[in-house]
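Novice: This structure is in structure tokens; I'll ask about it shortly.
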Amino acid sequence: MPTDDELADALTAARAGDERGFAVLWRALHPPVLRYLRVLVGDAAEDVASETWLQAARDVDRFQGSPAAFRAWLFHIARHRGIDDLRRTGRRLEDPAATVTLVAAGRDAAAEVIEGTDTAWALSRVAALPVDQAEAVMLRVVAGLDVAATARVLGKGRGAVRIATMRGLRRLAADPQVRGRATRIRHDHDNEDV
Amino acid sequence: MRLCDVLRRAARVRRDPRLDDLVSALRAPAGADELRGEQAMVAALAAERRRTASLSPSAVPARVTPRRTRTLVVTTMAALALLGAGGTAVAARSGRLPDAMQRGAHRLLPGLAVPAPTAAPSRPALTRPSPSPPPSSSSPAIGTPGASAQKDWCVAWRTAAQGGHPMNGRDRRDLITAAGGEEEVAPFCARLIGGAPTSAQPGPAKKTGKNDKPDKSEKSKKPKSRSSKD
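Chains as they are written, first to last, in the working numbering: chain A, 1 to 194; chain B, 1001 to 1230.
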């Protein structure tokens, strides 16, 4: 994982149109963006992620901030592109129907596309949450945004973000699949993960 | 501060040990498939940035390893092509990128019929009789700019000449090149689309960033989602 200094350098380089800058940014941030979008738009995640990056490439000169702020900015773009995509296909973010199909389609698609079936499985569990909780969990836990940044991305208050995150995590902890899996493979997963 | 510190701090939102496996799976290092198409995508991003900023691409030569890229590119190009006209990919295939970028795209996409930049910007000559079919429109940017594209330029030129919407700078250049000079445009267009040669000439195009966002109008037509506020 690159340091903030490296990311800052990469940002500068990317602004100037240097591939190396984009390579650093993309490698660090594409995976979490893609995972977030998988939860949000299911199958369309890869296309929407590409749109997100292209828009970021076009507008990056308008962005002046720290690497952490860049991360939030990128997820902000991803979210709007995702919502656009849902609209194009006649869905709404908060549609229960959309969420249901996301669970089914999302899991299969993710299993096909992502090699780590653990990750695909985990994403499918998050996608089963109500969308506000799913988004809060993805942005806080996977994207690594703090409460304030998450609140800005989602256009909500911090309190609402805290509550949505907490409820989402609580619901995940009670998810029978999550519990079953946790007891099955509780051995060499230590917490030094990132 | 390292990014992983940020992530670790964010991890404090998780208290329940039952979530450990789930959270580590959510944050697992990227699988190969998630990073698929990296080089092609990165090249496309850099090209998009340079195109937007109109920077000189020669200052930052593309670094590519064509071997692996070829396979990667196929998938990514499909995605890019879906992004619609105006995309770099489309531009590259139709040979409409600035020369240095076109050269990069040519090297980068050997399997995809991206033409090398032509030494002199020569356009298909007007002598071509071209009983062209009506522009079947859905993607006019694909293929070489033939008679139908030239007709479009002429229409845009006329519109601009009559004080209407200013003409896209690149199209204007291409039209002038195709006509064989700025003063030749009016007779050239008269031959192509008929009507009296307009002597007035449109000035250089004003900034038109609009082409980049073909989805704008579509967006505004759609019903507003309530999602972003509640």
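Note that the Cβ used here is the ideal one computed from N, Cα and C, for glycine as well.
Rounded to whole angstroms, what is the Cα-Cα separation between Ala1161 (chain B) and Trp53 (chain A)?
Specialist: Taking the straight line joining both Cα atoms gives about 37 Å.
Novice: Taking contact to mean at least 3 C-beta pairs separated by less than 8 Å, is the segment 19-27 of chain A in contact with the segment 1025-1045 of chain B?
Specialist: The segment 19-27 of chain A is in contact with the segment 1025-1045 of chain B.
Novice: Tell me the residue span of the alpha helix (DSSP H) that contains Ser1024 (chain B).
Specialist: Start and end: 1020-1026.
Novice: Indicate whether the contact test is met: 3 or more Cβ pairs, each with one atom in the segment 69-82 of chain A and one in the segment 40-56 of chain A, closer than 8 Å.
Specialist: In short, these stretches touch, since the Cβ pair count reaches three.
Novice: Closer than 8 Å, Cβ to any Cβ of chain A: which residues of the segment 1164-1176 of chain B, in chain order?
Specialist: Under the 8 Å Cβ criterion, the segment 1164-1176 of chain B contributes no residue.
Novice: Which residues of chain B have a Cβ atom closer than 7 Å to the Cβ of Asp9 (chain A), listed in chain order?
Specialist: By Cβ distance, chain B contributes nothing, its closest Cβ being about 14 Å from Asp9 (chain A), past 7 Å.
Novice: Quick check on the burial criterion: 16 or more other C-beta atoms within 10 angstroms. Buried or exposed for Thr12 (chain A)?
Specialist: So Thr12 (chain A) counts as exposed.
Novice: Could you tell me the distance, in whole angstroms, from the CA atom of Trp121 (chain A) to the CA atom of Val39 (chain A)?
Specialist: C-alpha separation (whole angstroms): 11 Å.
Novice: Give the C-beta separation of Tyr36 (chain A) and Ala143 (chain A) to the nearest angstrom, bearing in mind that I take them to be a contact with Cβ-Cβ under 8 Å.
Specialist: That belief holds up - the Cβ atoms of Tyr36 (chain A) and Ala143 (chain A) are roughly 6 Å apart, short of 8 Å.
Novice: Using the rule of at least 16 other Cβ atoms within 10 Å of the residue's Cβ for burial, across every protein chain shown, is Ser1056 (chain B) buried or exposed?
Specialist: Note that Ser1056 (chain B) scores a pLDDT of 46, beneath 50, so its modelled location is shaky and nothing firm can be said.
Novice: Helix, strand or coil, according to DSSP, for Thr3 (chain A) in the structure here?
Specialist: It is a strand residue.
Novice: Which two residues bound the contiguous alpha helix (DSSP H) that contains Arg1036 (chain B)?
Specialist: Here Arg1036 (chain B) belongs to no alpha helix (DSSP H), and DSSP marks it neither H nor E.
Novice: If you check the beta carbons only, do Thr150 (chain A) and Ala134 (chain A) fall under 8 Å apart?
Specialist: Cβ distance not < 8 Å, so Thr150 (chain A) and Ala134 (chain A) don't count as in contact.
Novice: Around the C-beta of Gly21 (chain A), are 16 or more other C-beta atoms found within 10 angstroms, so that it is buried, or is it exposed?
Specialist: By the 10 Å Cβ count, Gly21 (chain A) comes out buried.
Novice: By the three-class DSSP mapping on this structure, what secondary structure does Leu1175 (chain B) have?
Specialist: Looking at Leu1175 (chain B) - three-state DSSP - the assignment turns out to be helix.
Novice: Indicate the three-state DSSP secondary structure (helix, strand or coil) for His1165 (chain B) in the structure shown.
Specialist: Of the three classes helix, strand and coil, the one that applies to His1165 (chain B) here is coil, per DSSP.
Novice: Can you give me the C-alpha to C-alpha distance between Pro1029 (chain B) and Asp118 (chain A), rounded to a whole angstrom?
Specialist: Looking at the two C-alpha atoms, the distance is approximately 11 Å.
Novice: Mind checking which residues open and close the alpha helix (DSSP H) that includes Val131 (chain A)?
Specialist: 131-137 is the extent of the alpha helix (DSSP H) around Val131 (chain A).
Novice: Taking 8 Å as the CB-CB limit, is Ala1040 (chain B) close to chain A?
Specialist: With 8 Å as the cut-off, Ala1040 (chain B) does not count as an interface residue toward chain A.
Novice: Below 7 Å CB to CB, which residues in the same chain sit around Ile1176 (chain B) once its five sequence neighbours on both sides are set aside?
Specialist: Closer than 7 Å at the Cβ level, and outside the excluded window around Ile1176 (chain B), lie Glu1182, Val1185.
Novice: Would you mind stating whether Ala44 (chain A) and Val153 (chain A) have Cβ atoms separated by less than 8 Å?
Specialist: No, they are not a contact pair.
Novice: With a 10 Å radius around its C-beta and 16 neighbouring C-beta atoms as the bar for buried, classify Gly17 (chain A) as buried or exposed.
Specialist: Buried is the call here.
Novice: Taking a Cβ distance cut-off of 7 Å, strictly less, list which residues of the segment 43-72 of chain A are near chain B, in chain order.
Specialist: Hits within the stretch, in order: Glu46, Asp47, Ser50, Glu51, Trp53, Leu54, Ala57, Arg58, Val60, Asp61, Ala68.
Novice: Is there a Cβ of chain B sitting closer than 8 Å to that of Arg179 (chain A), yes or no?
Specialist: With 8 Å as the cut-off, Arg179 (chain A) counts as an interface residue toward chain B.
Novice: Could you name the residues of the same chain whose beta carbon sits closer than 7 Å to that of Val178 (chain A), not counting the 5 residues immediately before and after it, in chain order?
Specialist: Answer for Val178 (chain A): Arg125, Leu172, listed in chain order.
Novice: Leaving out five residues before and five after His30 (chain A) in sequence, what residues of the same chain have Cβ atoms less than 8 Å from its Cβ?
Specialist: So the qualifying residues of the chain are Ala49, Trp53.
Novice: Relative to chain B, which residues along the segment 162-176 of chain A have a C-beta separation below 9 Å, given in chain order?
Specialist: The segment 162-176 of chain A vs chain B, Cβ under 9 Å: Arg162, Thr165, Met166, Leu169, Arg170, Leu172, Ala173, Ala174, Asp175.
Novice: Less than 8 Å between the CB atoms is what I'm expecting for Pro67 (chain A) and Asp4 (chain A), so what's the real figure, rounded?
Specialist: Indeed, because the Cβ distance is near 5 Å, the residues count as touching under 8 Å.
Novice: Rounded to whole angstroms, how far is the Cβ of Phe75 (chain A) from the Cβ of Leu34 (chain A), which I believe are closer than 8 Å?
Specialist: Their Cβ separation, rounded to whole angstroms, is 12 Å, which puts Phe75 (chain A) and Leu34 (chain A) out of contact at 8 Å.
Novice: Going along chain B in order, which residues have a C-beta closer than 8 Å to the C-beta of Ala14 (chain A)?
Specialist: By Cβ distance, chain B contributes Leu1045, Ala1046, Arg1049.
Novice: Could you tell me which of B:Leu1019, B:Ala1053, B:Gln1150 sits nearest to Arg1191 (chain B), measuring between CA atoms?
Specialist: Ranking the options by Cα distance to Arg1191 (chain B), first place goes to B:Gln1150.
Novice: Starting from Glu51 (chain A) and walking both ways along the alpha helix (DSSP H), at which residues does that stretch end?
Specialist: That run of the alpha helix (DSSP H) goes 45-59.
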